[in-house]
Amino acid sequence: MAQAKPKKNGAVAKKLVGMADVVISAAQRSKDPTFEIPIRALSNVSFNPRKGLIEMGEKKQARTFFNVGMAKKFMQTMLVADALAELQQADLTTSLREIYYRTKHTIQDSHENTFDTQDESDPIIEDLEVSLIALREELHVRAENSGSIVGPVVFGDDGDRVDCAKLGKGGYSVPSIVEPEYLEIRRCTADFLLLVEKGTQWNRLSEDKFWRRYNCVLLTGNGQPPRGVRRLARRLHEEYKLPVYVLVDNDPWGYYIYSVVKQGSINLAFESQRMAIPKAKFIGLSSADPERYELPRNVGIKLNEKDVTRAKELLNYQWFQKPAWQQEIKRMLTSGLKYELDALANKDFQYLTKKYLPRKLKEKDWLD
Amino acid sequence: MATKRSSPRAESSTPAPPSEATEPESATARNTSAAAQKSAPAVTAVEMGARQREISVSEFFTKNRHLLGFDNPRKALLTCVKEAVDNSLDACEEAGILPDVTVKLEVVTTGSAPVAPSQATRFRITVTDNGPGIVRQQIPRVFAKLLYGSKFHRMRMSRGQQGIGISAAGMYGQLTTGKPVKVISRTGPRAAAHYFEVQIDTKKNEPLVHENKQIDWSQPQGTEVVLEVEGRYQKGRASVDEWLEQTSIANPHVRLTYHTPEGEQKNYPRTYHELPPSPREIKPHPYGIEFGALLKMLQDTKSHTVASFLASDFCRVSPALAEEICKAAKLSPAAKPRDVKPQAAETLYKTIQTTKIMAPPTNCISPIGEKAILSGLYKQIKGEFYTAVSRPPAVYRGYPFVIEAGLAFGKGPDEVSKPQQTAVPLAEGEDHGNDTEQARVIRYANRVPLLYQQSACATFKAVLSTTWRNYGVSQSRGALPAGPMVIFVHMASVWVPFTSESKEAIADYDEIQKEITLALREAGRRLGIFLRRRERAASEFRRRNIFELYIEEVVAACNRLKGGNLPTEKLKEQLHKIASSRTGGLKTDEALGKTGAGPEGLPHSIIVTAEGIEGEREVAENVPAAASVNLSSSETVPPTKASGRGKRAAATAPAPNKRLPASSVKRKAGQQELFAEAADGKKGSARKTPAKTATATRKRK
């Protein structure tokens, strides 16, 4: 694996240098230098029911230099490409924000800054990911570490052996880049993987050593799971055949988190191939659970306008067309209430660990 | 007159029975109150009657001085200056003299130590004019009797209306400092100058003369008023300074000299050498009078029949029309006006209101005129674009009026180039513009600036309700337009409807509002043309500039990507070539010179570029009175005529810089200059020289 590393990086670096060649050759032919960038929007994604993935379409937009509206973006694209190439050469990883600072300067003889805010540089990095068909990790750009894992799994990280069964209740903080070159999975004896939306519930399960009793890996992404967490789940699923169960709040955002884990997101559709887990199951909270588990109505929260709009949007997504899902979402809309995972504490502090999940697993009560 | 009842009843807190109370009621009232309390005895109608007496107007105003604009010391100081200056200007203009007015403010020290002007509480105001003077016998009454004057009984456009102002100022001085008003007046070089010290007897509303003598006076003719009043001197909004400055904008025919309390002298030179045509007096229009006024006129008229009364005491009523009105009102045309019964008079009044009568004549109004407004704005406000609009006369409630609007936009050519030299790289969240600056509205009624109660004024409301965004100026909801802009609105009328006696805001009549809006729209439209034209030139420039700037960056990035061994100069050259072919090359400049319309496209406007002035040149260049047009006609001057004169003026005027007489060439040069203006400091060296000469041009004035 260590051998693959320089080779792969070399490929990305070559692609970046190739952008300079586009400019040079266009200039020689007196043509307007142009990049083709795939469009990242709902209009350019489609759901592939056979693969169970959201896939990116073929639509592309041209980014040309000699167009008043695009000149600045073009210039910014070149600057970002330059910074990314620098990272490749020095073999460093960095954050989005550092890229922004690295490329920001005042253009000579003017009062104009190359970038005014990070909001300008972030989309350009995504543009480059898509158009160069390189993952963000391959571009050496990392996100924040905002995931935790605990359970019978052993990693090799920079030569250190990390046994996630021996890290107490805090677990191992999932790095943002978990590609095999950076993170090696040495051993995994778990039976399944439980991806929990909220850190608090993950803590509950970790503290109660749920993973030991049920021999599973506990993973959380603190809300919408970042790429590292999703990619790691995918690797465990793929390489160790672990079934993946997703535990989220019972609200439209929880459903969407599940769908992102399962078939990828609209914005990062180009990465679905590597991150989506089409076989992931939705274990809870289901809109049927309050009745089944006798949660009192008063621990529910009234759906607000945004929730309702979002839920209706979800109803229209191709990947939520299965009858069970339509029923699930409609049931929530009819009840007019949403429930947080935390609400289970109303019955008992350890209700989640001792009653809810065991029963769910026993009854195989999940949605696909 | 119910008002004659003395109003303050300090000793009694219980409500007293009404004066027309019947006997048994007042008896019971007395009984119950006597039983209930001893402290406040009830008052009988007889006792009350004994207390009821006349209140003199002066006494009334002593108590209600806020009605006349003396609410606080700062405003009082302004009001005193204003009343004195208004009187001077009215007098000069009526006598056909170009006014020379000197205003002097001095700190009066009450103790021994000298006080700073900002801390002082007492001021001496001296206003001197070169007017016709006042005859000796009238001086005491003009300055020390309220409601005494020449303007109230006339339907004529003037600054003052009621004859309260200057005497009220004198009374205010008397009240706060105890000092009399000192007046020097001389009616001509051969007449003697008279010196008076007068005070007002507030009970009788009659003047008290303290001093009256002949003196030697250096001025051949004119009047000087000295008031000593309690006040506060503070610069800034609604200050004496601001008022004088605005006065000078709307009255460019006045030479104003102002000695500030700090001892500084400010000169507002005369830039327009012709007096506004004297407004004519008119008779009231039948639509404009109230019923009570009609009754009074019926009593006072000299006519012997109702028909001749209508025809001779009103404007726009012909004898035939008068007969018609009488017939419709079922009144004999030959009836004696004094014999008309109130009921019949009411029918007559209603008939008049429903009869179709021609609008009042409008030649009685003397607007400032577009050229004069332009020269006033140009003189006082630094900007890049000026325009002025005079509306044709209109009528509200039977009173004719004219609305005029003006605009000054921009920061002025010398200021535009300044901030660019000290620019620092911007941090996140910062931006270039201090574009949050809002426009300033300056309001006038009969050439007098209005400084208070802006938001209650019809003019201000009209500015707010105009959609400035249509003209390329940003404006947030319900706010003034944003940008370096001064909006000038003037209403001239024989009777300006103020919302209060202190004349601070114009009342919101629909007809007035409509005219103001139309004037503002026209001014805004011209501003829009200017802004769009400038924007076009700038954006064309920016287009090329963008590529020039970014090529450097792109080439540098490519060079680094290629490991630093790229023939950068060659690449740059290739890219520059593409850039200039894409932006139309040299053709762009020419196209711009052609498409950018000259000042003909913008009547009554001045465009100031870094190189010089475009547009109503003669106004800016101070053409002597002989060359300027007669303003009495409110018709706009045909632009061709104006530009013809402009050419001549340009040719004869001493050239401050290498200016070419042919206006078309000049225009083109101006357009190219617009290019340079838009440059982001890149063309700094190229622009510097013309900018300097422009400053010199300005200083010359």
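If you read the protein sequences in the order shown, they are chains A and B.
Mapping to the working numbering: the first sequence position 12 is 12, numbers consecutive.
Mapping to the working numbering: the second sequence position 77 is 445, numbers consecutive.
Virtual Cβ for every residue (Gly too), placed ideally from N, Cα, C.
Every value quoted in this text rests on a predicted model; they were computed, and no experiment measured them.
Open item on the list: Taking beta-carbon pairs under 9 Å, can you tell me which members of the segment 820-835 of chain B lie near chain A?
Closed with: none
Open item on the list: Any beta carbon from chain B within less than 7 Å of A:Phe35's own beta carbon?
Closed with: no
Task: Classification of B:Asp454 by the beta-carbon crowding that lies within 10 angstroms, buried from 16 upward - done: buried
Open item on the list: What would DSSP say about A:Gly10, mapped onto helix, strand or coil?
Closed with: helix
Task: Stretch-stretch touch, CB-based, cutoff 8 Å, three pairs: the segment 67-76 of chain A with the segment 40-56 of chain A - done: no
Task: Residue(s) in a DSSP beta bridge with B:Gly590 - done: B:Arg554
TODO: Using a Cβ cut-off of 9 Å, pull out every chain B residue sitting near A:Asp32, in sequence order please.
DONE: Ile946, Arg950
Open item on the list: Determine, for B:Ile733, whether the minimum Cβ-Cβ distance to residues of chain A falls below 7 Å.
Closed with: no
Open item on the list: Looking at the strands, I want to know which residues DSSP matches up with B:Arg811.
Closed with: B:Leu818, B:Val857
Open item on the list: I want to see whether chain A comes within less than 7 Å of B:Lys1050, judged by CB atoms only; does it?
Closed with: Confidence in B:Lys1050 is poor, its pLDDT being 39 and thus under 50, which makes the residue's placement unreliable; the coordinate value appears in the next sentence. It does: the Cβ of B:Lys1050 has a partner Cβ on chain A nearer than 7 Å.
Task: Reduced DSSP category for B:Phe511 - H, G, I as helix; E, B as strand; rest coil - done: helix
Open item on the list: Using beta carbons (cut-off 7 Å, strictly below), is A:Met275 in contact with chain B?
Closed with: no
- [ ] Report yes or no: do the segment 496-512 of chain B and the segment 535-553 of chain B share at least 3 C-beta pairs separated by less than 8 Å?
- [x] yes
Task: Under the three-state DSSP convention, the category B:Met726 falls into - done: coil
- [ ] Please confirm whether B:Ala697 and B:Leu716 have their CB atoms less than 7 Å apart.
- [x] yes
Task: Spatial neighbours of A:Lys51 in its chain, beta-carbon cut-off 7 Å, leaving aside the 5 residues before and after - done: Pro278
Open item on the list: Our contact map puts B:Ser734 next to B:Pro647 with C-beta atoms below 8 Å; I'd like the distance itself, whole angstroms only.
Closed with: 4 Å
TODO: For A:Gln28, go through chain B and note every residue whose CB falls closer than 8 Å to its CB, in chain order.
DONE: Gln942
Open item on the list: For B:Pro654, count the other beta carbons within 10 Å of its own beta carbon; 16 or more makes it buried, fewer makes it exposed. Which is it?
Closed with: buried
TODO: Examine chain B for any beta-carbon lying closer than 7 Å to the beta-carbon of A:Val12, and answer yes or no.
DONE: no
Open item on the list: Measuring straight from C-alpha to C-alpha, what distance separates A:Cys188 and A:Arg29?
Closed with: 56 Å
- [ ] Rank A:Val154, A:Gly284, A:Ala81, A:Tyr240 by C-alpha distance to the C-alpha of A:Arg136 and give the top, closest one.
- [x] A:Ala81
Open item on the list: Starting from B:Ser525, trace the beta strand (DSSP E) in both directions and tell me its first and last residue.
Closed with: First, the amino acid is wrong: residue 525 of chain B is Met here, not Ser. Per DSSP, B:Met525 belongs to no beta strand (DSSP E) and is neither H nor E.
Open item on the list: Taking the beta carbon of B:Gln542 as the centre, do at least 16 other beta carbons fall within 10 Å, making it buried, or is it exposed?
Closed with: buried
Open item on the list: Looking at the secondary structure, which residues open and close the alpha helix (DSSP H) in which B:Ser676 lies?
Closed with: 674-681
Open item on the list: Within the continuous alpha helix (DSSP H) that includes B:Gln667, where are the two ends?
Closed with: 659-668
Open item on the list: On a Cα-Cα basis, can you pick out the residue from A:Val178, A:His237, A:Gln327, A:Pro152 that is closest to A:Asn215?
Closed with: A:Pro152
- [ ] May I have the straight-line CA-CA distance separating B:Phe491 from B:Ile741, to the nearest angstrom?
- [x] 32 Å
- [ ] Determine, using beta carbons only, whether B:Thr835 and B:Ile884 come nearer to each other than 7 Å.
- [x] no
Open item on the list: Considering Cα atoms alone, identify which of A:Gln273, A:Thr64, A:Pro49, A:Lys15 is closest to B:Arg950.
Closed with: A:Thr64
Task: Inter-residue Cα distance where the pair is A:Ala62 and B:Arg902 - done: 31 Å
Open item on the list: Alpha carbons only, please: which of B:Ala703, B:Lys651, B:Glu691, B:Ala702 is nearest the one belonging to B:Arg684?
Closed with: B:Lys651
Task: Between the CA atoms of B:Ile914 and A:Met275 - distance to the nearest angstrom - done: 40 Å
- [ ] Assess, as a yes-or-no matter, whether the segment 501-518 of chain B is touched by the segment 556-571 of chain B under the definition of 3 or more beta carbon pairs within less than 8 Å.
- [x] yes
Open item on the list: According to DSSP, simplified to helix, strand and coil, what is B:Met539?
Closed with: helix
- [ ] Spatial neighbours of B:Ala488 within its chain, please: CB distance less than 6 Å, with the 5 preceding and 5 following residues excluded, ordered by chain position.
- [x] Val475
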